[in-house]
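S.K.: In my numbering, the protein residues as written are 1067 to 1240. Beta carbons are placed, not taken as given, at the ideal position from N, Cα and C, and that holds for glycine.
#1: Give me the Cα-Cα distance between residue 1134 and residue 1104, rounded to the nearest whole angstrom.
#2: Helix, strand or coil: how does DSSP classify residue 1222 here?
#3: Should residue 1208 be labelled buried (16 or more other beta-carbon atoms within 10 Å of its own) or exposed?
#4: Can you confirm whether the region 1141-1161 touches the region 1179-1186 when touching is taken to mean that 3 or more C-beta pairs between the two stretches lie within less than 8 Å?
#5: For the beta strand (DSSP E) that residue 1106 lies in, which residues bound it at each end?
#6: DSSP beta-bridge partners for residue 1243?
#7: If you follow the beta strand (DSSP E) that residue 1139 is in, where does it begin and where does it stop?
Structure (structure tokens):
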């Protein structure tokens, strides 16, 4: 690295290395602003003594989300909430913790099943009430139509008293 490291912005980050065999190791390192993601990744492999190039490195924040190897995503952290670096073989992962995505997915599925069963019970109740509601709606519509017909008949009776004289008082001359 260049000799002007001390003049650049830097962050100290704590990383908890997790290997497939279950070993864990807490280490810290300093990351500089001008380092590329590849340089940060190489620094991590050297710092954690990872010699196997076929291993896949996954960097996670304290919440367990995968984050990129970049200066911007590596925020300064504490020993109590270190980043987690997983070194795994391709197409494999570390065993899940007790509180994992699988458990959250189970709760989500239970919520969906509960919601669907509530909707089904509401539909069953609605099916029972449907003929009564339909009959009430038809009666309401018939009363409304009956009122409109009665009103029209009254208007026709009032206007029917006069004789219809037509449009013209005299016959046109054509």
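M.R.: For this structure:
#1: Against the chain shown, residue 1134 aligns to sequence position 68. Against the chain shown, residue 1104 aligns to sequence position 38. Each residue's alpha carbon lies about 11 Å from the other.
#2: As a working note, residue 1222 is residue 156 in the chain shown. Correct three-state label for residue 1222: helix.
#3: Taking the chain shown and counting its residues from 1, the one referred to as residue 1208 is at position 142. Classification for residue 1208: exposed.
#4: no
#5: Working through the chain shown from its first residue, we reach residue 1106 at position 40. Residue 1106 -> not in any beta strand (DSSP E); alpha helix (DSSP H) instead, spanning 1103-1113.
#6: Past the boundaries of the shown model lies residue 1243; the chain is included only from 1067 to 1240, so the question cannot be answered.
#7: Sequence index remark: in the chain shown, residue 1139 carries index 73 (1-based). Neither: residue 1139 is in no beta strand (DSSP E) and is coded neither H nor E.
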